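Q:
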Amino acid sequence: MKQIDVKEFISAMDELEKERGISKDYLVESLETALVTAYKKNFDSVDNVKVTIDGLTGEIHIYSVMDVVEESEDPLLEISLKEAKKIKKSVKVGDKIDIEIKPKDFGRIAAQTAKQVVIQKIREVERDMVFNEYNDKKGEIVSGLIQKADSGTAVIVDLGKLEGIMPLKEQISSEKYRVNDKIKAYVMSVEKGAKGNPQAIISRSHPDFVRRLFELEIPEIYEGLIEVKSVSRDPGNRSKVAVYSKNENIDPVGSCVGQKGVRIQNIINELNGEKIDVIEWSEEPSTYIAASLLPAQVLAVDVKEEEKFAQVIVPDDQLSLAIGKSGQNARLAARLTNWKIDIKSESQFREMLANSSSESEEELNEESEENIEENNEE
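One point on numbering: in the working numbering, the residue at position 290 of the sequence shown is 723, and numbering is uninterrupted.
(1) Should the segment 746-754 be called in touch with the segment 769-778, which here means at least 3 C-beta pairs below 8 Å?
(2) For G706 and V461, what's the separation of their Cα atoms in angstroms?
(3) Once you ignore the five residues that flank K451 on each side, which residues in its own chain have a CB closer than 6 Å to its CB?
(4) From A445 to K537, what does the alpha carbon distance come to, in whole angstroms?
(5) Less than 8 Å between the CB atoms is what I'm expecting for V501 and V524, so what's the real figure, rounded?
(6) Where R637 and E656 are concerned, what is the direct C-alpha to C-alpha distance, given to the nearest angstrom?
(7) According to the neighbour-count rule (16 or more other Cβ atoms, all chains shown, within 10 Å of its Cβ), is P728 buried or exposed?
(8) What is the rounded straight-line gap between the Cα of K435 and the Cα of D447?
(9) Going by CA-CA distance only, name the one from K628, S665, L646, A582 that's closest to K617.
(10) In its own chain, which residues sit with a C-beta less than 6 Å from the C-beta of A787, not counting the 5 before and 5 after it?
(11) Is the distance from the Cβ of I574 to the Cβ of V588 below 8 Å?
(12) Would you list the one or two residues that DSSP bridges to E511?
(13) Roughly how many angstroms lie between the CA atoms of R611 and A582, to the nearest whole one?
(14) So is R453 buried or exposed if we call it buried at 16+ other beta carbons inside 10 Å?
(15) Give the secondary structure of R666 by DSSP, where H, G and I count as helix, E and B as strand, and everything else as coil.
(16) Would you call the segment 465-481 and the segment 511-522 in contact, with 3 or more CB pairs under 8 Å?
(17) Less than 8 Å separating the beta-carbons of I486 and I493?
(18) Grouping DSSP H, G and I as helix and E and B as strand, with all else coil, what is I437?
(19) For A767, count neighbouring Cβ atoms within 10 angstroms of its own Cβ and tell me buried if that reaches 16, exposed if not.
(20) Determine the DSSP secondary structure at L374, reduced to helix, strand or coil.
(21) Less than 6 Å between C-beta atoms, sequence neighbours within five positions excluded: which residues of the same chain meet that for S719?
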């Protein structure tokens, strides 16, 4: 059958394989499948059609796959043994044999189909390449330009090769997003949209956004000398970050804050003024819990390991600071340490002890009275 601009077609497939990594065999197989469909559509063919393409010459052959029988009753699906032997002497009843057919004007249809298949496969491979590239960026920070930012809806960000979608719940309520503003965000996941186009789900409110910013800004964290143990966050308002270093010569908190607070200020600026408490992680729960309540001072911490419960005592003038506005400081400390924390002022604690002591005395007195009565009765 007539070839499809043979040299150009084969050359194009070779180039696609070399430059885009699209397998030539894969293209040929896809085109053969598409040509079968095109042939059936244009020539009212039955299902026993096969198309082959010579990968070297580009020549197309179309066959009817016929069942070999003694006497043919259906000329579209069957061929008699006598006729089949004229084509292939070794054939026998029960075999299948390919009978080449040469429909008129199929060269034009084949050329159009080839073009469509190649374009489609290029798009598919490019989408897969972008998907895989950004899927590898899951858990990382990306930058892009805001394309769409309507109040109360998802923010759409141009990330270069694909679209980033920041749902409402992943936005920071105090931030204003404007079209054409450059923005950084954390990649939560990469998905394929309705048309197969990959899209990244991004966030600026996720705690790991803060974690990744620390890795970008603090060389010691990136190099593994300092470890971010935990992050808790009230997006747009305050974050707490627990850091630790095995090296006793490294001050993990000081390294993260930087000289005159320069390093931490870069992160605060990226978060549009969100306050950040950097504390030193400790394997000793009481020490860690006390540090987690910074900037408040702590007098004592009583822990119950099995219940992961801590009773914290602070000076009277530190109670409101320890709890924080609307309980924010205590809540973030609890999330950071993964402990339940009950905070009492020194006065409240002394009062609690006094009440507990009085109750004990009353119980003791009641018990003594009962014993005396029992003795009298005897």
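No residue lacks a Cβ here, since even glycine has one placed at the ideal position from N, Cα and C. These numbers come from a predicted model, not from an experiment.
A: From the atom records:
(1) yes
(2) 57 Å
(3) none
(4) 26 Å
(5) 6 Å
(6) 24 Å
(7) exposed
(8) Bear in mind that a pLDDT of 45 at K435, under 50, signals an unreliable position, so the model cannot answer this.
(9) L646
(10) none
(11) no
(12) D500
(13) 6 Å
(14) exposed
(15) strand
(16) no
(17) yes
(18) Its pLDDT being 48, under 50, I437 is placed unreliably by the model, and the measurement read from it follows with that caveat. I437: coil per DSSP, three-state reduction.
(19) buried
(20) Outside the displayed span of the chain (434 to 811) sits residue 374, for which this structure offers no information.
(21) V734, V736
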